[in-house]
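Chemist:
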Amino acid sequence: MQPDTRQLFRIGLGLFLSGAIAAVLALTVCGGMGHQGPRTNSGWLALMVAMACLPLGTLTLALALAKLAGRRKR
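Count along the sequence shown from 1, then add 1204; that gives the number in this note's numbering.
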């Protein structure tokens, strides 16, 4: 595995895990969710972090997997 592919995996995993942790915190510690969204300001912040980190982490991991698969075909 190339060093840049390893770095993509590390960054993607870090982003994805931080988004997952933020989502769990928004649902549990930060007041939970109501019909119109989170009930507290910290819940809104955790939701925004989760909504930013989860898609970006997923796309970064997908890029790393595509790069790894392309490298294995050579």
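For glycine and all other residues, C-beta sits at the position ideal for the given N, C-alpha and C.
Helix, strand or coil, according to DSSP, for M1237 in the structure here?
Modeler: DSSP places M1237 in strand when its eight states are reduced to three.
Chemist: Check this for me: beta carbons of A1254 and A1273, under 8 Å apart or not?
Modeler: No, the pair does not count as a contact, with Cβ atoms beyond the cut-off.
Chemist: Thinking C-beta only, is L1258 closer than 8 Å to G1235?
Modeler: Result no, Cβ atoms of G1235 and L1258 do not sit closer than 8 Å.
Chemist: Ordered along the chain, which non-local residues of its own chain (more than five positions away) have a Cβ less than 8 Å from that of T1262?
Modeler: Excluding positions up to five away in sequence, the list reads G1216 and F1220.
Chemist: Could you spell out the range, first to last residue, of the alpha helix (DSSP H) harbouring Q1211?
Modeler: It spans P1207 to L1231 - the alpha helix (DSSP H) in which Q1211 sits, taken as one unbroken run.
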